[in-house]
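Read through the structure below, which is laid out as structure tokens, and then see the notes.
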Amino acid sequence: MYLLFKGVTYPFKLVLKLILYLVYILKLLVFGIIKPFKMLKNITFLGVSNIRSRILKHSQNGCNINQGYHGCGCATKTYILIVLSSLLLPSLFDLDFYLVNRFIEGQVVIREALNFDYTKDHPTAMVNLLPQQIIGKAKGYFPDREVMATHAFPPSHIYHVIVHLTLPESQYNHEIGMFQVVAETFSTRGHSLNKESRASMLRYHSPPVKYMKSIIMGIPIVLGISQESQTLSIRVMESQNENEHSPTASVRVDIEPKAGHLTGLGVPEIYHGELQVIAHNPYLREVARNWVWSLYVYSGIALFVFEALLVLCCCRRIFPQKVTKNDISEGFLNKERKLTFKGGPKNMQTLKRLHRQYYYYSKSLPLALP
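Under full-length UniProt numbering, the first residue of the sequence shown carries the number 1, and numbering increases by one thereafter.
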């Protein structure tokens, strides 16, 4: 019957204790908000009193051999931890991250709109990668060295020239078919550096695909959400090295018809054109740039292992020697002898603990060790 009563009342006791704990925590929070300094003072007083009582308890009871042995072990581990932490500091302050960010530049992307001039024999657009003031100063009779050394991207980079063209899917563009996209780079002095061309055309769609596309995309096209156009991305130049002495200052893009067309014919209709120049580091530098954090971690680990091996091989004396229980016992016994002969007033007995047994010693009686 008693066990049944305890089993029935146990959940209610848990709920009551939970409510009391919540009330106590709420009381502490309110007291901490109203009188924070007094609460901090009480917590500090309780902590100091607890530590003081433990210290007095250990000092009254003495310390045995196992406590001394464990104390030496804790001190040794703490010392080794400090030594290893000091070896770890140079690894944490490794210079790989700083050197990579300082001497290896990131990727450079330049995007400019192409404004084609249709008054010429074939559409032409010129894009300046450097400010017009620098290009004007560089074309003078006595250009400044700083002006001549100005680059749109670092000299060690490899750049690509990409032309994006948005063409309407008109019958005229489909009849033209192939056309040529030419890109030519110029230096700050106006000298031609590189010239390359690529052929392109609108993507072909069969009549059934056109009909299905017209049915599906009819409403978005009427509402102006979509357009009947195609965007062509043409890589005109690839893997071009930037010249340190003749920096790339401008790019000219020409749209030329294929052979067999008269002057001014065979040129496609263009909604919008855009030039994109992407400059990036060589392969090894690009790997170092992309994997900078992995390089930082691996180099730090390698440096830490090297320092630890160097200390273990050449500086072993900085580590403490092995301490056994016999060493602890002998040192403790010598300490008790010293305290027996030199400590305390005359004719005062002192309680000492040796090997987990208590013995009384007095200065008036001869010393008899067990």
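Yeah, the Cβ is synthetic: ideal placement off N, Cα and C, and Gly gets one too. Bear in mind that the values here come from a model prediction, so they are computed numbers and not experimental data.
Spatial distance of residue i from residue j (CA atoms)
i, j, result
"E238", "A288", "22 angstroms"
"L114", "Q180", "16 angstroms"
"E184", "N173", "25 angstroms"
"L167", "H245", "38 angstroms"
"V127", "F186", "10 angstroms"
"S86", "K77", "14 angstroms"
"A308", "L84", "8 angstroms"
"Y211", "S192", "47 angstroms"
"I134", "T150", "8 angstroms"
"K17", "I34", "25 angstroms"
"L262", "I104", "50 angstroms"
"R111", "F153", "13 angstroms"
"V267", "V297", "56 angstroms"
"V15", "L22", "11 angstroms"
Neighbour-count burial assignment, residue i, 16 or more Cβ in a 10 Å radius
i, result
"N281", "buried"
"F12", "exposed"
"E242", "buried"
"V251", "buried"
"H122", "buried"
"G136", "exposed"
"G224", "exposed"
"T248", "buried"
"L351", "Because L351 carries a pLDDT of 42, less than 50, the predicted location of this residue cannot be relied on, and the following value inherits that uncertainty. The residue in question, L351, is exposed, as its Cβ has fewer than 16 Cβ neighbours within 10 Å."
Chain-order list of residues whose beta-carbon lies under 6 angstroms from that of residue i (same chain, five-residue window excluded)
i, result
"L303", "S91"
"A125", "L114, N115, F116, V253"
"R198", "V181, I234, V236"
Backbone secondary structure at residue i - three-state DSSP
i, result
"I215", "helix"
"F306", "helix"
"F12", "helix"
"I19", "helix"
"R111", "strand"
"G260", "coil"
Residues of its chain near residue i, where Cβ-Cβ distance is below 7 angstroms and the 5 sequence neighbours each way are ignored
i, result
"G260", "none"
"L20", "none"
Own chain partners of residue i with C-beta closer than 8 angstroms, once the 5 adjacent residues on each side are dropped
i, result
"I158", "S239, Q240, N241, E242, A279, H280, N281, P282"
"P257", "H122, I176, F179, Q180, L265, G266, V267"
"residue 416", "Residue 416 lies beyond the residue range present for the chain, which begins at 1 and ends at 370; the question has no answer from this structure."
"L88", "F304"
Residues sharing a beta bridge with residue i, DSSP
i, result
"E228", "BP columns for E228 are empty, so no partner."
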